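Heads up: the sequence lines are chains A, B and C, in that order. In case it helps, numbering that gives the first Met the number 0 puts the first sequence at residues 0 to 494. In case it helps, numbering that gives the first Met the number 0 puts the second sequence at residues 0 to 316. In case it helps, numbering that gives the first Met the number 0 puts the third sequence at residues 0 to 151. For each residue, glycine too, the CB sits at the ideal point set by N, CA and C. Values in this document were obtained by computation on a predicted structure and should not be read as measured data. Structure first, commentary second.
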Amino acid sequence: MLSHLPDALALLFSLEGILVLIFGTILGIVLGAMPGIGSTVAVAIVLPFTLTMGQSSAILLLLAVYAGSVYGGSISAILINTPGTPQSAATCLDGYPMAQRGDAGLALGWATVASVIGGLVSAVVLVFAAPYLAAFALNFGPIETFALILLGMTCIVSVSTGSVIKGLLAGMIGIFLSTVGGDPIIGEFRFTYDIWQLYSGFNLLAVVIGVFALSEVFVRASAKPTGVSELVDFRGVILPKLSAWRGRLRNLGKSVVIGNVIGVLPGTGAATAAFISYAEGRRSSPNKEAFGTGEPDGIVSSEAANNAVTGGALVPTMALGIPGDAITAVMLATLTLHGITPGPRLVEENPTLIAAIFAGFFLINLLLLPLGLLLSRVAAPILRMREGFMMTAIVILCALGIYFVRGNPFDLIVMGVAGVVGFLLRRQGIPMAPLVIGMVLGPTLELTLRQGLILKDGNFFAFFESPIALVLAIVSLVALALPLVRAVLASRAAQ
Amino acid sequence: MNIRATLGMAVAATCVAGAAIADSFPERPINMIAPFNAGGGTDLLLRGLAPHFEEAIGGDVFVSNMAGGSGTVAASALQGQRPDGYQLGYFSITVSTIQPQIKNVPYGVDSWTPICSVAASPTMLIVPNDSPFQTMEEAVAAIEGAPGEYVFGSSGPGAMTHLTTVAAFAGMGVLDKIRHLPFQGSGPAVKELTAGTIQFFGDTEILLSRGDFRPLMVFNDERLEGYPDTPTASEVGIEPPLNELYLWGGLFAPAGVPEETVAALAEACETAVGSDGFKEFAANSGTVINHRGPEEFDAFFRAQYEANGALIEAAGL
Amino acid sequence: MGAFTREPVLVQLGVLAIGCALYLSTLGQTFSDVGSAHSPMFFPRIVLSLWIGLAGLALVQSLRTTDGQSRPHSLLRLAILVLAVVIYSNLITTYGFFLCSVGLALVVLPIFGIRHPAIVGVYALAVPGSLVALFNHGLGMPLPTSPFTYLF
Chain A
0 MLSHLPDALA LLFSLEGILV LIFGTILGIV LGAMPGIGST VAVAIVLPFT LTMGQSSAIL
60 LLLAVYAGSV YGGSISAILI NTPGTPQSAA TCLDGYPMAQ RGDAGLALGW ATVASVIGGL
120 VSAVVLVFAA PYLAAFALNF GPIETFALIL LGMTCIVSVS TGSVIKGLLA GMIGIFLSTV
180 GGDPIIGEFR FTYDIWQLYS GFNLLAVVIG VFALSEVFVR ASAKPTGVSE LVDFRGVILP
240 KLSAWRGRLR NLGKSVVIGN VIGVLPGTGA ATAAFISYAE GRRSSPNKEA FGTGEPDGIV
300 SSEAANNAVT GGALVPTMAL GIPGDAITAV MLATLTLHGI TPGPRLVEEN PTLIAAIFAG
360 FFLINLLLLP LGLLLSRVAA PILRMREGFM MTAIVILCAL GIYFVRGNPF DLIVMGVAGV
420 VGFLLRRQGI PMAPLVIGMV LGPTLELTLR QGLILKDGNF FAFFESPIAL VLAIVSLVAL
480 ALPLVRAVLA SRAAQ
Chain B
0 MNIRATLGMA VAATCVAGAA IADSFPERPI NMIAPFNAGG GTDLLLRGLA PHFEEAIGGD
60 VFVSNMAGGS GTVAASALQG QRPDGYQLGY FSITVSTIQP QIKNVPYGVD SWTPICSVAA
120 SPTMLIVPND SPFQTMEEAV AAIEGAPGEY VFGSSGPGAM THLTTVAAFA GMGVLDKIRH
180 LPFQGSGPAV KELTAGTIQF FGDTEILLSR GDFRPLMVFN DERLEGYPDT PTASEVGIEP
240 PLNELYLWGG LFAPAGVPEE TVAALAEACE TAVGSDGFKE FAANSGTVIN HRGPEEFDAF
300 FRAQYEANGA LIEAAGL
Chain C
0 MGAFTREPVL VQLGVLAIGC ALYLSTLGQT FSDVGSAHSP MFFPRIVLSL WIGLAGLALV
60 QSLRTTDGQS RPHSLLRLAI LVLAVVIYSN LITTYGFFLC SVGLALVVLP IFGIRHPAIV
120 GVYALAVPGS LVALFNHGLG MPLPTSPFTY LF
């Protein structure tokens with residue numbers, strides 16, 4: 000593929016190519032940064048335009064908007080605790096406390112650098128290792144995926160600030176919410192009580208926006224009104240000093256690897272990667288005690304991983320013609336419209352185009368840094384407007400965003416109710432991040448568990464004949480048991 | 000001039016020339032609903048059709064998405080809309096004929112005014128290139144020799160990919176000797192077909208160009224041009240109504256749209272589907288154009304509704 | 000008995016009760032027999048059992064701790080806001096995005112202490128108005144419209 004790089008670069012550095020990359024990235028960041036509006040809506044907005052563009056421009060525009068909106072999502076997650084996408088939910092955990100402490104600019108600085116590095120590394124990995132990674136993905140059948148999702152579930156323990164019982168409870172509520180609607184194996188409806196609006200289940204984004212963004216509006220309304228107060232003290236992104244990275248590089252590297260590996264596996268996604276990486280960061284970081292209170296390592300873990308997924312998800316897409324997530328599915332469909340057949344021979348048959356996509360992806364990640372800095376300066380005054388204006392805009396934008404996710408009016412009601420319930424639960428110290436993890440991982444957990452049981456004639460223990468599944472299960476057990484053992488030892492020592 | 004007089008004149012004008020109302024029909028934008036997410040196959044087909052439809056009808060047309068419940072949410076919502084011709088849905092065989100017979104949805108065979116069919120492709124039973132089975136007979140013999148050993152996949156319960164394999168194995172009388180493994184969407188299922196977790200899959204011709212796969216039989220009334228060596232289901236010995244299965248889709252409006260409006264929409268649809276622009280789009284995206292007018296489509300739709308009942312019975316849905 | 004009127008206990012009791020009710024609703028249902036596949040209720044029952052168990056534990060925890068919780072500054076203000084948002088999310092598809100958003104802004108702005116009539120009016124009209132103009136008429140991705148006109 001490298002031999003086609005010159006042609007690809009010529010394609011990119013045309014006037015149209017550069018305009019598409021810059022415009023797409025800016026649009027993505029701006030849309031992603033708006034509370035309530037995430038990647039799904041951002042991509043839906045540009046999709047009609049891509050139909051009339053050339054093939055490489057169309058794909059690059061989608062990629063730029065997507066990567067931009069994932070980065071933009073971390074802006075609203077950090078500044079106002081409203082993730083636009085589930086994958087930014089892990090960023091809230093430390094980003095928002097840091098912003099409340101008055102370090103909003105610095106928190107965004109950590110997020111920016113981590114995002115850019117995560118994206119760049121994954122772009123390089125994509126170019127050199129795509130075929131090997133694709134072969135690895137083929138070894139991951141339903142049973143192995145089940146074990147991986149189980150490992151993801153253990154993150155609930157690490158993101159449960161306060162009480163682990165309440166965190167697990169929130170996780171169970173999340174998993175339950177994901178089971179409402181059609182059964183994945185025989186298709187019959189569950190918990191719908193003959194209300195057809197419930198047939199499509201609870202939309203993940205509607206719940207996420209409700210429990211994070213809307214409940215945040217309620218939380219602010221229950222405080223004493225100040226009227227004139229600024230929402231956040233934010234004057235633009237401040238990049239962390241090089242010396243501040245000392246002791247954090249290992250965490251960064253590990254997060255990038257986690258993001259890449261999980262991105263390669265179809266059907267897992269960026270939110271899973273962000274949470275697993277956050278949990279691993281919390282387990283191994285020298286600053287683990289500070290996680291959840293505004294620790295840069297927490298932001299770095301989440302952001303580096305969720306951006307690395309973008310590149311990882313392109314691997315099965317390009318090497319096998321199998322979409323790695325919802326957005327790569329849109330890209331594949333767009334390719335088909337331009338007469339290009341996705342499949343194992345995609346790279347062989349369209350080497351220049353694919354090289355242009357890879358190189359474009361690298362450039363987009365490079366662009367995130369200057370454009371992020373620039374846009375945050377421009378946007379800072381808007382964010383400093385009075386609380387009331389901001390809160391009104393948040394509610395309206397959330398409704399708009401959720402309406403466009405899948406055009407389902409019922410999702411709006413779900414968002415409203417989730418906001419109220421989320422507010423009530425938050426007041427009792429029940430954390431919302433585990434609920435999101437449960438909802439993200441629940442469907443895959445159930446599907447793969449039951450697929451595995453079909454394949455193994457109902458024998459659950461036969462799952463662990465697969466070495467990958469066995470290793471992952473042991474790691475999950477250790478991840479669960481270690482904090483407990485430590486706690487017991489600590490209490491013994493105290494006596 | 001009072002309102003009654005205006006109405007009277009309008010009615011008179013309609014009687015004199017039906018074309019008059021057709022001219023005035025789209026007074027505001029027409030909404031075409033894709034029952035799946037933006038960027039999916041159905042959505043893109045509709046977005047490919049919309050500009051040509053817009054041109055043919057002489058008014059604005061926009062595509063919106065309403066996803067969820069395997070397409071039933073959009074159909075359920077559309078069914079309750081005013082039948083004024085401004086709300087159309089693009090529904091496939093599964094949304095319009097399968098789902099209402101297996102699920103408790105608020106719509107059925109009489110809820111629609113079919114406008115026109117747009118596309119239809121016969122489905123095929125597909126195996127990986129390195130599969131040991133060259134013919135249907137070999138596959139059936141192997142399945143009978145090792146009941147419960149082989150697995151077929153689908154993109155979800157009740158999806159076209161599921162019904163195709165059910166038609167194949169029920170038609171051959173071995174459905175109870177093979178396991179069904181549903182996935183969430185085609186992507187993961189195709190991945191497992193490549194990896195070998197599942198041995199059989201059912202889909203249209205498009206899938207064959209996307210990987211190292213080959214067909215064992217085709218659910219068409221004759222052999223396909225591109226695959227002259229692949230037998231039809233009837234040749235292999237599958238009896239009607241399981242021997243023909245097409246993934247088709249078309250535009251539907253809620254029941255009770257006035258005849259003049261149906262005529263205007265149908266005419267626009269015929270022009271749009273027949274346009275060079277849409278033909279080029281179809282060739283690029285692997286869509287097999289299959290146009291039917293309102294009466295013909297209505298009859299076809301009702302016949303399919305009946306026939307698919309047998310299939311649903313066989314699938315045990 | 001005073002413990003049962005405290006907000007944390009009430010909410011935890013509610014969570015427990017919902018879990019139990021959902022579990023009970025899984026018992027009476029019958030599904031078609033599908034051979035090797037498990038019942039659709041197989042997985043939800045596991046999850047709901049854990050839900051009930053954990054909710055019970057959390058309830059016991061809340062009964063034991065008596066530390067007070069910060070009360071909302073003004074319950075009335077909060078109640079109006081919550082009501083406004085819930086009504087808003089229910090009415091958008093019936094009365095259109097524009098009209099509902101204008102109404103919402105007229106309620107929410109004063110709640111957050113912005114009371115100047117001119118500012119409230121301009122903001123309430125301008126924000127939804129520009130969004131509707133952009134999406135419905137600029138991008139061709141219409142938001143829900145009112146029953147009165149297809150323009151907004």
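Rounded to whole angstroms, residue 206 of chain A and residue 410 of chain A show a C-alpha spacing of 8 Å. Residue pairing by DSSP puts residue 216 of chain B in a beta bridge opposite B:124. Identification of residues in the stretch 94-113 of chain B having a C-beta nearer than 7 Å to some C-beta of chain C yields an empty set.
DSSP lists B:223 as the beta-bridge partner residues of residue 226 of chain B.
For residue 65 of chain B, the three-state secondary structure derived from DSSP is coil. Scanning chain A for C-beta atoms nearer than 7 Å to the C-beta of residue 36 of chain B yields 405, reported in chain order. Using a CB distance below 8 Å, the part of the stretch 154-181 of chain A facing chain C consists of 162, 164, 165, 167, 168, 171, 172, 174, 175, 178, ordered along the chain. In the same chain as residue 285 of chain B, and ignoring 5 residues on each side of it, the C-beta atoms closer than 6 Å to its own belong to 205, in chain order.
Among the CB atoms of chain B, none fall inside 7 Å of the CB of residue 312 of chain A. The CB of residue 27 of chain B comes closer than 7 Å to the CB of 149 in chain C, given here in chain order. DSSP, reduced to helix, strand and coil, places residue 288 of chain B within a strand of the structure shown. Chain order gives no chain B residues near residue 65 of chain A, where near means a beta carbon separation below 9 Å; the closest approach is about 11 Å.
Scanning its chain for C-beta atoms nearer than 6 Å, with the 5 sequence neighbours on each side dropped, one finds around residue 203 of chain B the residues 120, 122, 246, in chain order.
Here residue 251 of chain B carries a strand assignment [DSSP, helix/strand/coil]. Within chain C, no C-beta atom comes nearer than 9 Å to that of residue 23 of chain B; the closest sits roughly 16 Å away. Within chain A, the residues placing a beta-carbon under 8 Å from that of residue 54 of chain C are 168, ordered along the chain. Partner residues in the beta bridge of residue 115 of chain B, as assigned by DSSP, are B:250.
Using a CB distance cut-off of 7 Å, residue 292 of chain A does not count as an interface residue toward chain C.
Within the same chain, Cβ atoms closer than 6 Å to the Cβ of residue 71 of chain B are found at 98, 104, the five residues on either side in sequence being excluded. Straight-line spacing of the CA atoms in residue 336 of chain A and residue 43 of chain B works out to 8 Å. For residue 98 of chain B, the enclosing alpha helix (DSSP H) starts and ends at 98-101.
DSSP places residue 315 of chain A in the uninterrupted alpha helix (DSSP H) bounded by 295-319.
Judged by their CB atoms, residue 211 of chain B and residue 128 of chain B are nearer to each other than the 7 Å cut-off. With respect to the 7 Å criterion, residue 401 of chain A and residue 208 of chain A are classified as neighbours on the basis of their beta carbons. By the neighbour-count criterion, in which a residue is buried when 16 or more other Cβ atoms sit within 10 angstroms of its Cβ, residue 487 of chain A is exposed. Restricting attention to C:62, C:78, C:149, C:93, the CA atom closest to the CA of residue 217 of chain A is found in C:78. Going by DSSP, residue 243 of chain A is part of no beta strand (DSSP E) at all; its letter is neither H nor E.
Contact note: residue 141 of chain C reaches chain B through 28, 30, 61, 63, using a C-beta cutoff of 8 Å and chain order. Among the CB atoms of chain C, none fall inside 7 Å of the CB of residue 249 of chain A. Within the DSSP secondary-structure output, residue 413 of chain A pairs in no beta bridge. One thing to note: residue 124 of chain B has its Cβ no nearer than 7 Å to the Cβ of residue 76 of chain B.
The stretch 58-71 of chain A and the stretch 15-27 of chain A touch, with three or more beta-carbon pairs separated by less than 8 Å. Here residue 303 of chain B carries a helix assignment [DSSP, helix/strand/coil]. The beta carbons of residue 199 of chain A and residue 67 of chain B sit closer together than 7 Å. When C-beta distances to chain A are compared with 9 Å, the residues of the stretch 145-171 of chain B below that value are 147, 150, 155, 156, 157, 158, 161, in chain order. Judged by DSSP in its simplified three-state form, residue 78 of chain B adopts helix.
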